[in-house]
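See structure below.
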Amino acid sequence: MVVCLSGLWRYRNYLIIFLIPLLILPLPLIVGGPEASCGFVIILMALYWCTECMPLAVTGLLPVILFPMMGIMESSEVCNQYMKDSNMLFIGGLLVAIAVEYWNLHTRMALRVLLLVGVRPALLMLGFMGTTAFLSMWISNTASTAMMLPIANAVLKQLCDTEAQAEEREMDLMAIRGAGTGTGTGTGTGTGVPKGQENQAFEMGDKEKTITIEPEPEVEESLEARERRLKREAKYLNLDKGMSLSVCYAASIGGTATLTGTTPNLILKGQVDELFPGNGDIINFASWFGFSFPNMVLMLIISWLWLQFMYLGCNMKKSFGCGMNKDGDKEAYGVMKNEYKKLGSMCFAEGCILVLFVLLVLLWFTREPGFMPGWATVLFNKDRPYVTDGTVAILMSTLFFMIPSQLPRCGGYSEDGKPLKAPPTLLNWDVVQEKMPWNILLLLGGGFALARGSEVSGLSQWLGESLAPLQSIPPFAISFLLCLLTATFTECSSNVATTTLFLPILASMAVAIKLHPLYVMLPCTICASLAFMLPVATPPNAIAFSYGNLKVMDMAKAGFVLNIVGVITINIALNTWGAAMFNLNTFPDWANVTTIPTP
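In structure tokens, the structure reads:
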């Protein structure tokens, strides 16, 4: 029996792949109709995504096969969903992130910030969280976590080693004082004779009288040293856990602040543009940042306070170092300073990337700021939205392949006497090919295809009519419960899969009960990134679990509270400045879509 079960477990992925379609096949066969066929595809993909029996990207390609075969959509229309404006924005944002990582600009920025905040435990944690969150706004959460955790471990190790050396010096000093006065509990015996030679010295001085000194003081002394060591190790183990959790949580929180910070944000934009074509570009870089950045800062501060309470305690003097000036702090600070010195001075390539990065952000913010006409409206978008955030992202990232990585020089020869070659560009395609997560593009396309298929088949309309009784429930209660559901679901499933599955259903429900679609779609998208409880929930969690001597219970205890806090803060943001920014208290005309005509 055990052998049989173990064999089934080894082949579980194959069993899931072949059994699930057979089990849900009665849905299109018995119920019939395009709605049932589309429901079959959605359920199949949802279960494949949740169990990960196949790669997520391969599951994302299933609409290309199933929608045409079931008569839901033509193949050409399905394939068009895999390369939309949101995908271009995703590619452009990733090219910028790859350039920043390739030239190590993110490490320079991170160390510069850490040198400013210092090495006091509470301020050090805040510095690591703030730096990680800022980097995650622009580069991948995984990359920022993988970069920051080794730096944090090196600093903590130096602090621990320095404190151990200070305690050892203190013990030696006590031993010297004890040897001179005949008292004390140091490593000496109070006789001025080297340790281990007490009996021999007395025998040589007086043949007829030998005095043996019992070793009780030495035992008491070693116990004291052992207690100090165990206390110090427990303290830094706790600090190491808190620092590891703070970095991985900050990466997930920071990714919510910008539209390109994490994939679910782009999925929301793509789904809104697909389901509500006349929305007037309500979700763009500037509007997303205006809503999400204050919420990110609020969540980051609360997370810091909670981790401070859990792992550093409430002793403000020890945590913030008020009135303290230890040599250990200087040596730990020296570790970061040496790492910064290893980078050398900023080179021409780093300067170019920094300028392009700042210019990109400025162009994103000023394209459609909302409170005034942006440069895109004045120059290009007078009658139609020709220029989008994706256009800007591709424009700036293309410059990486045009600008040389060194200042051009006329003439000159190398060491072997040959003429100098032209310098390479800031980026080359081999680097992009290696670092670009192409699988996410297929996953995004699969989500957009599902959303389009739901509309064309009439499944969205049927779901909306079925959920119409929810109109009697207060909107804030609907939003809060859906956020809790999303935050729970994303602990066990990819945040990309979670948003891809949930958003079309939430859009249909919002239209049916005459609720602003963003009132439920926006908070649930952010909640999909709040996976704090399990090591397998996100790659940053997994990296921290491997670095920080963490147990699953450590992450679960800290993450459970932060999940609840995150849901509360998002709903507070939604009902305060979010309602004012997006006019969430009224049902917009562009959301009044009942049917999508079949092409």
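Here our numbering is used: the first residue of the sequence shown is 116, the next is one more, and so on. Note that beta-carbon positions come from the ideal geometry of N, C-alpha and C, so glycine has one too.
> When DSSP builds the beta bridges, which residues end up paired with Pro519?
Replying inline: Numbered from 1 along the sequence shown, position 404 holds the residue referred to as residue 519. In DSSP, Pro519 forms a bridge with Thr540.
>> Going by C-alpha to C-alpha distance, which of Leu209, Met670 and Leu477 sits closest to Glu606?
In response: Within the sequence shown, numbered from 1, the residue matching residue 606 stands at position 491. It is Met670.
> So does the region 168 to 184 actually touch the region 499 to 506, counting three or more Cβ pairs closer than 8 Å?
Replying inline: no
> Rounded to whole angstroms, how far is the Cβ of Leu559 from the Cβ of Asn202, which I believe are closer than 8 Å?
Replying inline: Residue 559 sits at position 444 when you count from the first residue of the sequence shown. Residue 202 sits at position 87 when you count from the first residue of the sequence shown. So it is a contact: roughly 6 Å between Cβ atoms.
> First and last residue of the alpha helix (DSSP H) that includes Lys384?
Replying inline: Here the question's residue 384 lines up with position 269 in the sequence shown. First-last of the alpha helix (DSSP H) with Lys384: Thr378 to Leu390.
>> If distances are taken between C-alpha atoms only, which option among Phe486, Phe404, Ala566 and Pro589 comes closest to His631?
In response: As a working mapping, residue 631 is identified with position 516 in the sequence shown. Of Phe486, Phe404, Ala566 and Pro589, the residue nearest in Cα terms is Pro589.
> Candidates Ala212, Leu616, Cys363 and Glu570: which alpha carbon is nearest Trp419's?
Replying inline: The residue labelled residue 419 in the question sits at position 304 within the sequence shown. Taking only the C-alpha atoms, the option nearest Trp419 is Cys363.
>> Once the 5 residues before and after Val676 are set aside, which same chain residues still bring their CB inside 8 Å of it?
In response: Working through the sequence shown from its first residue, we reach residue 676 at position 561. Excluding positions up to five away in sequence, the list reads Trp421.
> Below 9 Å between beta carbons: does that hold for Pro539 and Pro519?
Replying inline: The count along the sequence shown starts at 1 and reaches residue 539 at position 424. The count along the sequence shown starts at 1 and reaches residue 519 at position 404. Going by C-beta atoms, Pro539 is nearer than 9 Å to Pro519.
> Under a three-way DSSP split, which group does Ala449 fall into?
Replying inline: Residue numbering aside, residue 449 sits at position 334 when the sequence shown is read from its first letter. What sits at residue 449 in the sequence shown is Gly, not Ala. Reduced to three states, the DSSP call for Gly449 is helix.
> So, is Glu331 buried or exposed, given that buried needs 16 or more other C-beta atoms within 10 angstroms?
Replying inline: For the purposes of this step, residue 331 is identified with residue 216 of the sequence shown, where counting begins at 1. The predicted position of Glu331 is uncertain, since its pLDDT is 45 and thus under 50; no value can be drawn from it.
> DSSP state of Arg482, grouped into three classes?
Replying inline: By one-based count along the sequence shown, residue 482 stands at place 367. Helix at Arg482.
> Any Cβ of chain D within less than 9 Å of the Cβ of Gln576?
Replying inline: The structure shown contains no chain D, having only a single protein chain.
>> I need the DSSP call for Gly568, collapsed to helix, strand or coil.
In response: Residue mapping note: residue 568 aligns to position 453 of the sequence shown, counting from 1. Three-state DSSP puts Gly568 in a helix.
> Candidates Asn394, Gly562, Pro655 and Glu549: which alpha carbon is nearest Ser251's?
Replying inline: As a working note, residue 251 is residue 136 in the sequence shown. Looking at the Cα atoms, Pro655 is the closest of the given residues.
>> Within a Cβ cutoff of 6 Å, which residues of the same chain sit near Thr375, ignoring the five residues on either side of it in sequence?
In response: To locate residue 375, count along the sequence shown from 1; it is residue 260. Closer than 6 Å at Cβ, skipping near neighbours: Gly208.
>> I believe Gly568 touches Cys153 by the beta-carbon criterion, under 8 Å. Please report the beta-carbon distance rounded to the nearest angstrom.
In response: Counting from one through the sequence shown, the residue named residue 568 turns up at place 453. Counting from one through the sequence shown, the residue named residue 153 turns up at place 38. Confirmed, Cβ separation roughly 5 Å.
> Going by beta carbon distance, what residues of the same chain come within less than 8 Å of Leu621, once the five residues before and after it are set aside?
Replying inline: For the purposes of this step, residue 621 is taken as the residue at position 506 of the sequence shown. Leu597, Pro632, Val635, Met636 and Cys639.
> What is the C-beta distance between Pro183 and Val173, in whole angstroms, given that I count them as a contact (C-beta under 8 Å)?
Replying inline: On the sequence shown, residue 183 is found 68 positions in, with the first residue counted as 1. On the sequence shown, residue 173 is found 58 positions in, with the first residue counted as 1. At roughly 17 Å, the Cβ-Cβ gap does not stay under 8 Å, so Pro183 and Val173 are not in contact.
> What is the DSSP secondary structure of Gln586, counted as helix, strand or coil?
Replying inline: Here residue 586 refers to the residue found at position 471 of the sequence shown. In this structure, Gln586 counts as helix in the three-state DSSP scheme.
>> The alpha helix (DSSP H) that contains Trp124, what's its start and end?
In response: Here residue 124 is taken as the residue at index 9 of the sequence shown, counted from 1. Val117 to Arg125 is the span of the alpha helix (DSSP H), which, as asked, contains Trp124.
>> In the DSSP assignment, the alpha helix (DSSP H) including Leu427 goes from what residue to what residue?
In response: Position 312 of the sequence shown, counting from 1, holds the residue named residue 427. Note, Leu427: premise wrong, no alpha helix (DSSP H); not H, not E.
>> Can you tell me where the alpha helix (DSSP H) holding Pro638 begins and where it ends?
In response: Residue numbering aside, residue 638 sits at position 523 when the sequence shown is read from its first letter. First-last of the alpha helix (DSSP H) with Pro638: Pro632 to Cys642.
>> Buried or exposed, going by whether 16 or more other CB atoms sit within 10 Å of the CB of Arg499?
In response: Against the sequence shown, residue 499 aligns to sequence position 384. Classification of Arg499: exposed, given that the 10 Å Cβ count is below 16.
>> Assuming contact is defined by CB atoms lying nearer than 9 Å, are Asn380 and Arg482 in contact in what I supplied?
In response: Working through the sequence shown from its first residue, we reach residue 380 at position 265. Working through the sequence shown from its first residue, we reach residue 482 at position 367. No, they are not a contact pair.
> In whole angstroms, what separates the C-alpha of Thr166 from that of Lys452?
Replying inline: Residue numbering aside, residue 166 sits at position 51 when the sequence shown is read from its first letter. Residue numbering aside, residue 452 sits at position 337 when the sequence shown is read from its first letter. Distance between the alpha carbons of Thr166 and Lys452 is about 46 Å.
> Alpha carbon to alpha carbon, how far is Gly148 from Val156?
Replying inline: One-based indexing of the sequence shown puts residue 148 at position 33. One-based indexing of the sequence shown puts residue 156 at position 41. Straight-line Cα distance between these residues: approximately 13 Å.
>> Quick check on Leu120: buried or exposed, where buried means 16 or more other Cβ atoms within 10 Å of its Cβ?
In response: Counting from one through the sequence shown, the residue named residue 120 turns up at place 5. So Leu120 ends up on the exposed side.
> Can you name, in chain order, every residue of its own chain whose Cβ lies under 6 Å from the Cβ of Gln386, other than the five neighbours on each side?
Replying inline: Position 271 of the sequence shown, counting from 1, holds the residue named residue 386. Only Ala566 and Leu618 meet the Cβ criterion.
> Just how far apart, CA to CA, sit Leu115 and Asn554?
Replying inline: Because the chain in this structure spans residues 116 to 714, residue 115 falls outside the shown range and cannot be described.
> Excluding sequence positions up to five away, which residues of its chain have a Cβ less than 8 Å from the Cβ of Pro484?
Replying inline: As a first step, residue 484 must be located in the sequence shown, where it is residue number 369. Hits under 8 Å: Ala401.
> So, are the CB atoms of Met411 and Thr371 less than 9 Å apart?
Replying inline: The residue given as residue 411 occupies position 296 in the sequence shown. The residue given as residue 371 occupies position 256 in the sequence shown. In this structure, Thr371 lies closer than 9 Å to Met411 by Cβ.
>> If you reduce the DSSP assignment to three classes, tell me which class Gly405 lands in.
In response: Taking the first residue of the sequence shown as position 1, residue 405 is located at position 290. Note: Gly405 maps to helix in three-state DSSP.
> Assuming Leu427 contacts Leu354 under a Cβ cut-off of 8 Å, what Cβ separation, rounded to an integer in Å, is found between them?
Replying inline: Locating residue 427 in the sequence shown gives position 312, counting from the first residue. Locating residue 354 in the sequence shown gives position 239, counting from the first residue. Confirmed, about 7 Å.
> When DSSP labels each residue in this structure, what does Cys168 get in the three-state scheme?
Replying inline: Along the sequence shown, one-based indexing puts residue 168 at 53. Three-state result, Cys168: coil.
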